[in-house]
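A.B. asks: Okay, so the sequence shown: first residue is 19 according to this note's numbering, each after it adds one.
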Amino acid sequence: MTSLGGKPNKAKTTKGKIESTKGEKMNLKKQIAVIVLALTATTSPVWSQDRQVLPSPTAQNLQGTWRVTRTGVDCITGQDILSFPAIMTFNQGGTYTGYGVPPGGDPGQGTEYGVWQREPGSHNYSNRAVFYSYTAEGDFDGRGEATEAIQLTTADSFTGTGTVQIFDADGNLIATICATSTGTRFE
19 MTSLGGKPNK
29 AKTTKGKIES
39 TKGEKMNLKK
49 QIAVIVLALT
59 ATTSPVWSQD
69 RQVLPSPTAQ
79 NLQGTWRVTR
89 TGVDCITGQD
99 ILSFPAIMTF
109 NQGGTYTGYG
119 VPPGGDPGQG
129 TEYGVWQREP
139 GSHNYSNRAV
149 FYSYTAEGDF
159 DGRGEATEAI
169 QLTTADSFTG
179 TGTVQIFDAD
189 GNLIATICAT
199 STGTRFE
């Protein structure tokens with residue numbers, strides 16, 4: 019940038035502070051305006067979502083986060099084998115995420131992803147999820163697919179029954195495990 023006399027415009031300094039030239043100030047103001055506009059545009063949908071009517075905690079709806087106790091069950095005798103805690107989150111729109119590691123399991127492999135839906139009946143739902151397993155070396159070892167029928171017993175509790183199918187890395191079914199669960203809404 020040059021002045022009318024052909025000499026470069028230099029920023030003025032005042033007590034160690036640099037003051038930009040008028041053109042640089044305008045450019046900076048435009049940049050700030052664009053940033054503010056962008057932030058407003060991206061946060062407005064978030065704020066408007068917060069204002070939407072959310073289901074009341076007492077509504078009979080599965081949506082939300084739940085503290086769960088899962089119990090592995092012998093599919094033939096119905097005898098409980100082992101129990102462990104888990105977290106299950108049923109998101110608006112029918113997606114699901116969860117985390118649970120049975121005793122002796124690898125804590126880094128407990129993440130589950132899936133879908134859920136309302137089923138016929140008063141307070142009935144179903145859930146289907148998948149999780150992956152890896153060796154200690156990081157190689158893919160297989161997957162598990164869980165299917166569960168869930169019934170709300172109150173607005174803040176549920177029971178469930180289901181099965182987990184375990185597949186090896188080649189997709190071969192190697193085990194089927196039966197399970198029950200009880201959940202309490204996390205608030």
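Note that the Cβ used here is the ideal one computed from N, Cα and C, for glycine as well.
With a cut-off of 8 angstroms on the beta carbons, I'd call arginine 161 and tyrosine 150 a contact; round off their distance for me.
C.D. replies: Indeed they touch by this definition, with Cβ atoms about 5 angstroms apart.
A.B. asks: Enumerate, from N- to C-terminal direction, the unbroken beta strand (DSSP E) stretches of 3 or more residues contained entirely within the region 134-159.
C.D. replies: Listed in chain order, the complete beta strand (DSSP E) runs (minimum 3 residues) inside the region 134-159 are 142-152.
A.B. asks: What residue from Gly123, Gln183, Glu205 has the CA that sits closest to alanine 197's CA?
C.D. replies: Out of Gly123, Gln183, Glu205, Gln183 has the C-alpha closest to the C-alpha of alanine 197.
A.B. asks: Nearest to serine 101 by alpha carbon, out of Pro121, Tyr117, Asn109?
C.D. replies: It is Pro121.
A.B. asks: Using the Cβ count rule (16 or more neighbours within 10 Å means buried), how would you classify isoleucine 99?
C.D. replies: That one is exposed.
A.B. asks: Cβ of phenylalanine 185 within 8 angstroms of Cβ of isoleucine 192?
C.D. replies: Cβ distance < 8 angstroms, so phenylalanine 185 and isoleucine 192 count as in contact.
A.B. asks: Using the DSSP secondary-structure output, state which residues sit across from aspartate 98 in a beta bridge.
C.D. replies: Answer is Val91.
A.B. asks: Skipping 5 residues on each side, what residues in its chain have a beta carbon closer than 8 angstroms to that of proline 81?
C.D. replies: Checking the displayed sequence, the identity of residue 81 turns out to be glutamine instead of proline. Closer than 8 angstroms at Cβ, skipping near neighbours: Pro73, Phe108, Asn109, Gln110.
A.B. asks: Taking the alpha carbon of glycine 118 as the point to measure from, which residue in Val86, Asp188, Asn79, Thr202 has its own alpha carbon closest?
C.D. replies: Checking every option, the nearest Cα to that of glycine 118 belongs to Val86.
A.B. asks: Do alanine 164 and glycine 180 come within 8 angstroms of each other at the CB atom, strictly closer than that value?
C.D. replies: It is a contact, given that the beta carbons lie within the stated cut-off.
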